[in-house]
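Protein chains in written order, with UniProt numbering: chain H, 1 to 300; chain U, 1 to 430.
Each remark here refers to the structure printed beneath this line.
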Amino acid sequence: MKEKISHLDWLESEAIHIMREVAGQCANPVLLFSGGKDSLCLLRIAEKAFRPGRFPFPLMHIDTGHNYPEVINFRDKKANELGERLIVSSLEDSMKKGTIVLKQDDEPRNKYQSITLLEAIEEHEFDCCIGGARRDEEKARAKERIMSFRDEFGQWDPKNQRPELWNLYNAKVHRGENIRAFPISNWTEMDVWQYIEREELELPSIYFAHKRDIVKRSGAIVPITNVTPVRPGEVVENITVRFRTVGDITCTAPVISEADTVEKIIMETASTVITERGETRLDDQVSEASMEQRKKEGYF
Amino acid sequence: MNDTNKNNTVLRFLTCGSVDDGKSTLIGRLLFDTKTILTDTLSQIEKSSKKRGMSAIDLSLITDGLQAEREQGITIDVAYRYFSTGTRKYIIADAPGHEQYTRNMVTAASTSQLAIILIDARKGILTQTKRHSFLTKLVGIKHIVIAVNKMDLIEYDQEKYQSICDDYKIFASAIQLDQPGTKIQFIPMSALNGDMIVDRGSMIDWYKGPTLLEVLENLDTREDIKESALRLPIQYVCRPRDSDNKELHDFRAFMGRIESGLLQVNDKIKVLPSNQESTIKEIRIGDKILKKGIFEESVTVSLHDEIDVSRGDMLVHAHDELRSTKGFTAKVCWLSETNLSTNRTYLIMHTSRTSKAKIASINSKININSLALEEANDLKTNDIADVTFKLAQPLIVDKYANNRGTGAFIIIDESTFHTVGAGMIESIDK
Chain H
1 MKEKISHLDW LESEAIHIMR EVAGQCANPV LLFSGGKDSL CLLRIAEKAF RPGRFPFPLM
61 HIDTGHNYPE VINFRDKKAN ELGERLIVSS LEDSMKKGTI VLKQDDEPRN KYQSITLLEA
121 IEEHEFDCCI GGARRDEEKA RAKERIMSFR DEFGQWDPKN QRPELWNLYN AKVHRGENIR
181 AFPISNWTEM DVWQYIEREE LELPSIYFAH KRDIVKRSGA IVPITNVTPV RPGEVVENIT
241 VRFRTVGDIT CTAPVISEAD TVEKIIMETA STVITERGET RLDDQVSEAS MEQRKKEGYF
Chain U
1 MNDTNKNNTV LRFLTCGSVD DGKSTLIGRL LFDTKTILTD TLSQIEKSSK KRGMSAIDLS
61 LITDGLQAER EQGITIDVAY RYFSTGTRKY IIADAPGHEQ YTRNMVTAAS TSQLAIILID
121 ARKGILTQTK RHSFLTKLVG IKHIVIAVNK MDLIEYDQEK YQSICDDYKI FASAIQLDQP
181 GTKIQFIPMS ALNGDMIVDR GSMIDWYKGP TLLEVLENLD TREDIKESAL RLPIQYVCRP
241 RDSDNKELHD FRAFMGRIES GLLQVNDKIK VLPSNQESTI KEIRIGDKIL KKGIFEESVT
301 VSLHDEIDVS RGDMLVHAHD ELRSTKGFTA KVCWLSETNL STNRTYLIMH TSRTSKAKIA
361 SINSKININS LALEEANDLK TNDIADVTFK LAQPLIVDKY ANNRGTGAFI IIDESTFHTV
421 GAGMIESIDK
């Protein structure tokens, strides 16, 4: 009797296995939850890994203060439904403490997330952070381990990673050191959408086509919000868009799309010609190495 | 092809070869011709190609990852790439050919079912080809594709191709790579021009076999779940005592990934190492109640009897003769820059169980170039040796040749916690 499970079952099973290894090996892990689609997949995987028990970790959001309200409301609702503890660590607190100093008020805050994350890790003594990063997102991520070691300063050293063989994950750390665990490392954007469809996962509404005020600025579509105001000389248009990724408002751009269901998004993803981050993450386009640089500084 | 098929299966493979063999170009070609590379990545590559003074797009740049690699024009670490065709999702482990070769290749091979070994048609079989083949055999890969690349540079000469194949067959038989159960296929190709990778091209009409993609698409990845013994290492025990639901107060379930075989409701099982027996009451994944669980599924099971099961225990069928052991001999690949010290104690991580271990003896070391056995007193990085271990706590192991999931382990340094070695069990102490 020859059998093999389907690719979605395989990816799910691998992710469940990784989460259970975190729970089995780490004393005080946390799951990073933003309300975005990848972290929503992580929550479903955690349910399959640990129910009917409770999750052996709390959820934590690193809040830049620049979020779409739909996503924040969704984040709170989801944590509530699951009955799991949600910790919100906010950049504004780090700014009040003086550990984050902005050069200018309206600059993108994504890169500062590392500082707040490292402060939260230290405060709560987390020895492992589970995140929803995927290797297909970006080339520095393609070389990252599933359980990625970070030193006391949260730094990733790409040249000195622990070898990772078979499905044996070494999550051992000393006090102050940290593991970043990525259960959906081997998933692509398409896998994520197919999983969302199969599991009928609910998503924040901004993932689906909706009318929004935008301007076109150096090739990108920039949504007009209170932190990204219209600049002199720009023309505001109201068009139908959706978000492919959801992050800090100042560095996440929507795409023009009529796709208002998961099925239509899958069709669009199948025929798209531009990568997820290339299209919508303004922060990755600065230099060829910007993600690698951020990760070395403690970014997840 | 960014397909939308939900019933794909997964195939993981690795590519062995150095930049000079055209390995990166081959991967670039696979991704490019299956339309996995999207426009912005392509324009980035175009930019980089121009920056380096090249006129055409250099497909090998697709696989460049880290800053240091781009600066030096080499690849340092194993990278993972993805593409999908409509029947399969592929995960490529791309092992670099330069520094730390053995370590990277063993890492990449450990999760792969198929290996593509590249040979430069102008050069034929090199020492490095032999090294790749030996490591492929060591890690137990059963499907091997010998990709004779750069056929364009030898005018697509069939005779030269045939003589490379013949040479390789002699070598494969000398190292006993051509065992029953292992399949070796040869393909002439030009990754640069795209011949015989995804498209057949028009230059190699004399070759009637499948293209590389056809080999990948048609490989049977299924496992004979009735033939192989059940192995379910327990990772986590679920005891929702603090739940609001009173019915759950006595609920206990055991969670893990099935490493091999088939588990069905009402199966008589035993728990190792305690040897307590029970029967399977329920199998589930999340809310879904299942009649059976198979190879590679992460399941939650409950038993009819209240017996003690903890993380690190293993569920097997009651009639299975498997027992725990406190010693074994294994092929070890040393991964660390710090030499193995026979005086030290190490940690061995095997399935979901970890034990302290001492080195009883280093029996021999393999010269990776001549494949001859040599005496050894210590192990340096990239060494492969035959080592006997004594364990502080019992482990429940199989021979690697019989079961990859329960025959493999990693060695962890007790003080740094780094992963310093990888092992494949060959014989088990009684």
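Just so you know, even glycine gets a beta-carbon here, dropped at the ideal spot from N, CA and C.
None of these values were measured; they are calculated from a predicted model.
Check, Outcome
"Residues that DSSP places opposite S355 (chain U) in a beta bridge", "U:I348"
"Cα-Cα separation, T279 (chain U) to K430 (chain U)", "27 Å"
"The stretch 293-310 of chain U touching the stretch 375-384 of chain U, judged by at least three CB pairs closer than 8 Å", "no"
"Where H17 (chain H) falls, given that 16 or more other Cβ within 10 Å makes a residue buried", "buried"
"Heavy atom of the ligand FAD within 7 Å of I359 (chain U) beta-carbon", "The ligand FAD is absent from the structure shown, which contains no ligands of any kind."
"Beta carbon of I130 (chain H) nearer than 8 Å to that of M19 (chain H)", "yes"
"Residue range of the unbroken beta strand (DSSP E) whose run includes I87 (chain H)", "L86 to S90"
"Within 8 Å, strictly: CB atoms of E152 (chain H) and G176 (chain H)", "yes"
"Residue environment, E259 (chain U), which counts as buried when at least 16 other CB atoms sit within 10 Å", "buried"
"Among H:I45, H:E84 and H:L32, the one whose alpha carbon lies nearest that of E199 (chain H)", "H:I45"
"C-alpha gap between V265 (chain U) and K77 (chain H), whole angstroms", "37 Å"
"Closest residue to L177 (chain U) among U:L371, U:D378 and U:E375 (Cα-Cα distance)", "U:L371"
"Environment of L379 (chain U) [buried if 16+ CB atoms lie within 10 Å]", "buried"
"Terminal residues of the beta strand (DSSP E) in which V139 (chain U) lies", "Per DSSP, V139 (chain U) belongs to no beta strand (DSSP E) and is neither H nor E."
"Among H:A79, H:K96, H:L117 and H:H7, the one whose alpha carbon lies nearest that of Y195 (chain H)", "H:H7"
"Segments assigned alpha helix (DSSP H), at least 4 residues, entirely inside the stretch 188-268 of chain U", "212-218"
"Simplified DSSP state of Q194 (chain H), which is helix, strand or coil", "helix"
"Any C-beta of chain U under 8 Å from that of S39 (chain H)", "no"
"Straight-line Cα distance separating F186 (chain U) from S271 (chain H)", "34 Å"
"Simplified DSSP assignment, three categories, for C26 (chain H)", "coil"
"Burial state of E306 (chain U) (16 or more Cβ within 10 Å)", "exposed"
"As assigned by DSSP and simplified to three states, the class of T252 (chain H)", "strand"
"Continuous beta strand (DSSP E) stretch holding R378 (chain U): start and end", "One detail in the question is off: residue 378 (chain U) reads as Asp in this sequence, not Arg. Per DSSP, D378 (chain U) belongs to no beta strand (DSSP E) and is neither H nor E."
"Cutoff 8 Å: I16 (chain H) Cβ touching any chain U Cβ", "yes"
"Cutoff 7 Å; reference H304 (chain U); Cβ partners in own chain excluding five residues on either side", "S278, T279 and K281"
"Cβ-based burial, G238 (chain H) [other Cβ within 10 Å; buried from 16]", "As written in the sequence, residue 238 (chain H) is Asn, which differs from the Gly given in the question. Exposed, because fewer than 16 other Cβ atoms sit within 10 Å of the Cβ of N238 (chain H)."
"C-beta atoms of K137 (chain U) and I175 (chain U) nearer than 8 Å", "yes"
"Beta-carbon neighbours of Q155 (chain H), restricted to chain U and to distances below 9 Å", "Correct list: empty, because the minimum Cβ distance to chain U is about 14 Å."
"Residue-chain proximity (N382 (chain U), chain H), Cβ-Cβ < 8 Å", "no"
"V198 (chain U) beta carbon less than 8 Å from that of R33 (chain U)", "Looking at the sequence provided, one finds Asp at residue 33 (chain U) rather than Arg. Closer than 8 Å, so yes."
"Reduced DSSP secondary structure (H/G/I, E/B, other) of I92 (chain U)", "strand"
"Chain-ordered chain H contacts of D77 (chain U) [CB-CB under 8 Å]", "K143, P158, K159 and Q161"
"Host alpha helix (DSSP H) of N73 (chain H) (start-end)", "P69 to L82"
"Test: V10 (chain U) CB closer than 8 Å to a CB of chain H", "yes"
"Integer Cβ distance of C333 (chain U) from A422 (chain U), believed to fall under 8 Å", "5 Å"
"Residues that DSSP places opposite A330 (chain U) in a beta bridge", "U:V387 and U:I425"
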